[in-house]
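Chemist: Line order of the protein sequences matches chains S and A.
Under my numbering, the first residue of the first sequence is numbered 10, with each subsequent residue one higher.
Under my numbering, the first residue of the second sequence is numbered 90, with each subsequent residue one higher.
The structure under discussion is supplied below as structure tokens; questions concerning it will follow.
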Amino acid sequence: MSNDLEFEKPIIELENKIGELEKFSKENEVDLSNEIKILKNKLDNMKDEIYENITPWQKVKIARHKERPTTLEYIEKIFTDFIEFHGDRNYGDDNAIVGGIAILEDTPVTVIGHQKGKDTKDNIKRNFGMPHPEGYRKALRLMKQAEKFNRPVIMFVDTPGAYCGLEAEQRGQGEAIATNLLKMSGLKTPILVVVIGEGGSGGALGLSIGDRICMLEHSIYSVISPEGLSSILWKDASLAEEAADIMKLTSKDLLDLKVIDKIIKEPPGGTHKDLDLVSENIKNYLNDEISKLLKLEKKELLNNRYKKVREIGIYN
Amino acid sequence: MLKALFRKKKYATVSVDNDNNYSNNIKKNENKKQDDIDNKLWTKCKKCGEILLKEDIKEDLYTCGKCNYYFRIPARERINMIFDKDTFIEYDKELKAGNPLEFPEYDKKLKKAADKSKEVEAIVTGEGDIKGIKAILCVMEANFMMGSMGSVVGEKITRAIEKAIEKKLPVIIFCASGGARMQEGILSLMQMGKTSAALNRLSDEKLPFISVLTDPTTGGVTASFAMLGDIILAEPKALIGFAGPRVIEQTIRQRLPEGFQRSEFLKEKGFIDKIVKRKYLKEKIYKILYIHTMGSERYE
Chain S
10 MSNDLEFEKP IIELENKIGE LEKFSKENEV DLSNEIKILK NKLDNMKDEI
60 YENITPWQKV KIARHKERPT TLEYIEKIFT DFIEFHGDRN YGDDNAIVGG
110 IAILEDTPVT VIGHQKGKDT KDNIKRNFGM PHPEGYRKAL RLMKQAEKFN
160 RPVIMFVDTP GAYCGLEAEQ RGQGEAIATN LLKMSGLKTP ILVVVIGEGG
210 SGGALGLSIG DRICMLEHSI YSVISPEGLS SILWKDASLA EEAADIMKLT
260 SKDLLDLKVI DKIIKEPPGG THKDLDLVSE NIKNYLNDEI SKLLKLEKKE
310 LLNNRYKKVR EIGIYN
Chain A
90 MLKALFRKKK YATVSVDNDN NYSNNIKKNE NKKQDDIDNK LWTKCKKCGE
140 ILLKEDIKED LYTCGKCNYY FRIPARERIN MIFDKDTFIE YDKELKAGNP
190 LEFPEYDKKL KKAADKSKEV EAIVTGEGDI KGIKAILCVM EANFMMGSMG
240 SVVGEKITRA IEKAIEKKLP VIIFCASGGA RMQEGILSLM QMGKTSAALN
290 RLSDEKLPFI SVLTDPTTGG VTASFAMLGD IILAEPKALI GFAGPRVIEQ
340 TIRQRLPEGF QRSEFLKEKG FIDKIVKRKY LKEKIYKILY IHTMGSERYE
């Protein structure tokens, strides 16, 4: 119960009530089918009402939900024969980013993504999905490997942000992300990016330059967290909900601003309610787009990628 | 008895303090007087507190004559320091920020920034000569919303790099920025990708890019073009980092060591090629460019 989202509570309460009535009518052999029908109707309307009007802040909550599937769970559903590779061959291995090779239908691919933990212990190991520079450097090493062996790269993005710690600074967090941006813009193999949860600022962008960028319906992507924005604007991190409303961080906002190419549908309430369905949606999208991208000459691929990022921005 | 002694001592201290306060007050009044009369002529060094004539500061390349503190330089002044006289041709001066997110108060902030800095955006770009060598220069304006990067800054830098590719010229960027501009949200973040992609093209053409880091260079600027120079120079003691010091202190819940995230620290960690004093920057950049032109017909 503690994992339920606040805005879903009326739905859950009503569902419970219907369940109770059904049980009561069965046990006591009372015909309540009319009443139950009315309540079910009410439930459907309530669901439509709530799920069709999810606010940006509610999306933030869904994107960060404890049960929201993480990169490794999608990898298991979408690919076969995933083999994880470790380390940046320079400093160490960062558990906040995972990567390796796998097969997508019949296509060999490289898969890389931010990795959040599933529980407290796991989250400590994964640093809550906040990478250090060696994470970005591992990702780049695997991308270079993909380029060499002509494998498309699939990216899963899900991070609150790159880690803001002392050692991260010492080892060049800024340089590591910057280098990824530059190298990804010129990587001679297709890159497809899927934002599955939180797209937190530069830490997300460091894995997000690509030929196709899609977002799960309830994922978010922003320059700063709503808490960060509200503490800068109003010196009060508790006004994050208001900040989320103005900062345009939902998948629809990003599609409108021409930052992403596609929104992948989620079941009402979020992917954690039906991982199979969403994995299938992602898989179909990846298959369709990879086959298009693999037909392009490398030069055309890179020119298109450049144009894509080149055209973002609105000014007078 | 001890107590009495202590009290007496304390009394003596207080009286000395009063003396100090007295002289401080006189000094303060003097300063205040100066502020009242000559606010336009005088300013105070942020580090040592010395009262300096603005004209003198300008003559000293915006440094304090007493403690050598580096003031932040208006972009136009920087261009004058680097380019030969009357060689600067400005690009895209008409580009202005919109308010794509309809972010509250943004229009007002832009206007205020323009009034304060006398610039239309947080960067000035263009071409000119450095001791006769032609180059493209982008200079960030810290007085315009802390040099933050939104759509216009990203676009102007990208256009300048594309111009460099077209004209086969080297690029120099003077960084001074708090990072991505939050009022343009995700569009600001994407400027990091855009400028980095343009620099990749410049690199493919084997044209040199010199990045000069000045106080402050942080956030999205550090995590994009600032750190992508073939050669990265920095002014002494500039704050350079990805996360700001306060954010790091909040994250790790401890004080940062002295000198953390300053130029000297980054050089020690291997992220900067050279720290160059302001007065030698033009000469040093010229020499780097000169060496890159030797034995090559790449630049005119």
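Idealized CB from N, CA, C, for every residue including glycine.
Just so it is clear, the structure is predicted and the values come from calculations on it, not from any experiment.
1) Can A:Val365 and A:Lys358 be called in contact, C-beta distance under 9 angstroms?
2) Would you list, in sequence order, the uninterrupted beta strand (DSSP E) runs of no fewer than 3 residues that lie entirely inside the segment 207-294 of chain A?
3) Rounded to whole angstroms, what's the CA-CA distance from S:Ser260 to A:Glu179? Just pull it up for me.
4) Three or more beta-carbon pairs under 8 angstroms between the segment 227-246 of chain A and the segment 258-270 of chain A, yes or no?
5) Would you list the residues sitting across from A:Tyr159 in a DSSP beta bridge?
6) Would you tell me roughly how many angstroms separate the C-alpha atoms of A:Ile250 and A:Leu258, rounded to the nearest one?
7) Could you tell me the alpha carbon to alpha carbon distance between S:Glu29 and S:Val118, rounded to whole angstroms?
8) Buried or exposed for S:Thr66, going by 16 or more other Cβ atoms inside 10 Å?
9) Flag this pair as yes or no: are the beta carbons of S:Glu184 and A:Phe360 separated by less than 9 angstroms?
10) Is it true that the CB of S:Arg77 sits closer than 9 angstroms to the CB of S:Ile110?
11) Please list, in chain order, all residues of the same chain as S:Thr198 whose beta carbon is under 7 angstroms from its beta carbon, the five residues on each side excluded.
12) For A:Val310, which of helix, strand or coil comes out of DSSP?
13) Does the distance from the CB of A:Ala327 to the CB of A:Thr311 come in under 9 angstroms?
14) Kindly indicate the opening and closing residues of the beta strand (DSSP E) around S:Pro117.
15) Quick check on A:Ser300: does DSSP put it in helix, strand or coil?
16) From which residue to which residue does the alpha helix (DSSP H) around S:Met224 run?
17) How would you label S:Glu15, buried or exposed, when you count the other beta carbons within 10 angstroms and need 16 or more for buried?
18) Which partner residues of S:Ala148 appear in the DSSP bridge assignment?
19) Pick helix, strand or coil for S:Asp167, following the three-state DSSP scheme.
20) Where does A:Ala332 sit, in a helix, a strand or coil, going by DSSP?
21) Taking the straight line between their C-alpha atoms, what separation do you get for S:Lys26 and S:Phe33?
22) By Cβ distance, which residues of its chain are closer than 6 angstroms to A:Phe192, with the 5 residues on each side in sequence left out?
23) Give the single residue among A:Lys220, A:Glu208, A:Val209 whose Cα lies nearest to the Cα of A:Leu378.
24) Do you know how far the Cα of A:Lys205 is from the Cα of A:Asn118?
25) On the DSSP bridge list, what partners appear for S:Val344?
26) If we cut at 9 angstroms on Cβ distances, does S:Cys223 have a partner in chain A?
27) Is there a Cβ of chain S sitting closer than 9 angstroms to that of A:Ile374, yes or no?
28) What does S:Arg319 touch in chain A if you count any residue whose Cβ is under 8 angstroms from its own?
29) Closer than 6 angstroms by C-beta to S:Lys70: which residues in its own chain qualify, once you throw out the five before and the five after it? Chain order, please.
30) To the nearest angstrom, how far is it from the Cα of S:Thr89 to the Cα of S:Leu113?
31) Ignoring anything shorter than 4 residues or poking outside the segment 249-286 of chain S, list the alpha helix (DSSP H) runs there in chain order.
32) List the residues of chain S that A:Ile337 touches, going by C-beta distances under 8 angstroms, in chain order.
33) Which residue's Cα is closest to the Cα of S:Leu264: S:Ile321, S:Leu311, S:Ala249?
34) Taking the straight line between their C-alpha atoms, what separation do you get for S:Lys307 and S:Arg314?
35) Using beta-carbon positions only, say whether S:Val204 and S:Asp254 come within less than 9 angstroms of one another.
36) Does any CB atom of chain A fall closer than 9 angstroms to the CB of S:Glu184?
Modeler: According to the structure shown:
1) Cβ distance not < 9 angstroms, so A:Val365 and A:Lys358 don't count as in contact.
2) The qualifying runs are 212-219, 222-229, 260-266.
3) 38 angstroms
4) Verdict: yes, contact present.
5) A:Thr152
6) For A:Ile250 and A:Leu258, the gap between their C-alpha atoms comes out near 9 angstroms.
7) The straight-line gap separating the alpha-carbon atoms of S:Glu29 and S:Val118 is approximately 49 angstroms.
8) Checking the sequence shown, residue 66 of chain S turns out to be Trp, not Thr. Buried: at least 16 other Cβ atoms inside 10 Å.
9) yes
10) no
11) Ala155, Glu156, Asn159, Arg160, Pro161, Val162
12) helix
13) With a cutoff of 9 angstroms on beta-carbon distance, A:Ala327 and A:Thr311 are scored as not near each other.
14) 116-123
15) strand
16) Segment 221-225 is the beta strand (DSSP E) holding S:Met224; no alpha helix (DSSP H) there.
17) Exposed, by the Cβ-count rule.
18) Looking at the DSSP assignment, S:Ala148 forms no beta bridge with any residue, so it has no partner.
19) The DSSP-derived three-state label of S:Asp167 is strand.
20) coil
21) One alpha carbon belongs to S:Lys26, the other to S:Phe33, and they sit about 10 angstroms apart.
22) Gln272
23) A:Lys220
24) Any reading at A:Asn118 must be qualified, since the residue scores a pLDDT of 49, below 50, and its modelled position is unreliable; the value itself is stated next. Approximately 28 angstroms between the Cα atoms of the pair.
25) Limits of chain S in this structure are 10 at one end and 325 at the other, which puts residue 344 of chain S out of reach.
26) no
27) no
28) Thr247, Lys283, Ala286, Ala287
29) Once the five neighbours on either side are set aside, the close Cβ partners of S:Lys70 are Leu14.
30) 7 angstroms
31) 249-255, 260-265
32) Cys173, Gly174, Leu175, Glu178
33) S:Ile321
34) 10 angstroms
35) Not in contact: S:Val204 and S:Asp254 (Cβ atoms no closer than 9 angstroms).
36) yes
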